[in-house]
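Visitor:
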Amino acid sequence: MRTSAAVLATAGALTAAQLGLAGSASAATGPTAPKAASTKAAPRAVAGCPIDIVYTSRFQIDRNGWVTNGGLYFGIKNKSRSSIKNVTFTVTNVKNVRFGKATPTGGKVTRRTSKTVSVFDKSFKGKAKLGVKVRTHLLNTRSYKVKFAVHGTGWNCAVNQGTWGA
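As numbered in the numbering used here, residues 223 to 388 make up the sequence shown, in order.
Here it is as structure tokens:
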């Protein structure tokens with residue numbers, strides 16, 4: 223019985239991850255948190271779309287609610303070899319997130335407010351990356367969320383690319 227439950231739980235987790243529904247993050251805060259921050263980019267595939275969304279999956283927060291090591295990274299990666307024109311990747315606050323200074327990767331920041339950050343690339347070439355590392359303040363470390371939107375010409379992807387947070 224235990225083996226069957228474990229197999230079903232594993233299959234359910236794999237199915238959710240394959241569909242791109244399992245987007246989560248973990249944050250360490252307080253005096254029990256390790257001193258060195260650990261950040262890793264975790265790609266998330268969007269079904270039928272030539273891009274992967276990449277975001278920080280592990281990070282640390284200081285006692286004031288700011289993410290350490292310069293903030294969080296959000297980006298997209300082109301899986302195809304073809305070029306995509308006029309790509310804009312937008313990260314928008316849904317719940318308890320405020321943005322500060324933004325540093326682009328592979329493009330330029332076209333919009334930065336305390337609740338929205340957009341990065342743009344005129345020609346998003348095959349196998350390229352486009353993203354932004356943004357200084358981030360979490361107002362509530364247990365409940366936060368952002369949403370992703372991607373615009374561009376030369377593909378048939380949905381604009382809304384999902385959410386990230388806890």
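Heads up, the beta-carbon is just placed ideally off N, CA and C, and yes, glycines get one too.
Report yes if the C-beta distance between Asn315 and Lys344 is below 8 Å; otherwise report no.
Guide: By 1-based counting over the sequence shown, the position of residue 315 is 93. By 1-based counting over the sequence shown, the position of residue 344 is 122. Not a contact, by the Cβ cut-off of 8 Å.
Visitor: Mind checking which residues open and close the beta strand (DSSP E) that includes Lys299?
Guide: By one-based count along the sequence shown, residue 299 stands at place 77. That run of the beta strand (DSSP E) goes 294 to 300.
Visitor: Considering only the alpha carbon of each residue, which of Cys379, Asn291, Trp386 lies closest to Lys301?
Guide: Residue 301 sits at position 79 when you count from the first residue of the sequence shown. Closest by alpha carbon: Cys379.
Visitor: Would the segment 290 to 299 count as touching the segment 353 to 365 if we require 3 or more Cβ pairs under 8 Å?
Guide: Yes, they touch.
Visitor: Which first and last residues belong to the beta strand (DSSP E) in which Asp274 is found?
Guide: Stepping through the sequence shown from its first residue, residue 274 is reached at position 52. Counting along the chain, the beta strand (DSSP E) containing Asp274 begins and ends at 273 to 278.
Visitor: Whole-angstrom Cβ separation of Lys367 and Lys317, contact assumed at under 8 Å?
Guide: Translated into the one-based positions of the sequence shown, residue 367 becomes position 145. Translated into the one-based positions of the sequence shown, residue 317 becomes position 95. At roughly 4 Å, the Cβ-Cβ gap stays under 8 Å, so Lys367 and Lys317 are in contact.
Visitor: Identify, in the order they occur along the chain, each residue of the same chain with its Cβ nearer than 6 Å to the Cβ of Gly287, setting aside the five sequence neighbours on each side.
Guide: Translated into positions along the sequence shown, residue 287 becomes position 65. Cβ neighbours of Gly287 beyond the five flanking positions: His359, Leu360.
Visitor: How should Phe370 be labelled, buried or exposed, when 16 other C-beta atoms within 10 angstroms of its C-beta is the threshold for buried?
Guide: Counted from its first residue, the sequence shown places residue 370 at position 148. Under this definition Phe370 is a buried residue.
Visitor: Which two residues bound the contiguous beta strand (DSSP E) that contains Lys344?
Guide: Residue mapping note: residue 344 aligns to position 122 of the sequence shown, counting from 1. Here the beta strand (DSSP E) through Lys344 covers 338 to 346.
Visitor: With a 10 Å radius around its C-beta and 16 neighbouring C-beta atoms as the bar for buried, classify Ser304 as buried or exposed.
Guide: Along the sequence shown, read from residue 1 onward, the residue named residue 304 stands at position 82. Exposed, by the Cβ-count rule.
Visitor: What are the residues that DSSP puts in a beta bridge with Leu361?
Guide: For the purposes of this step, residue 361 is taken as residue 139 along the sequence shown, with counting starting at 1. In the DSSP output, where bridge partners are listed per residue, Leu361 has none listed.
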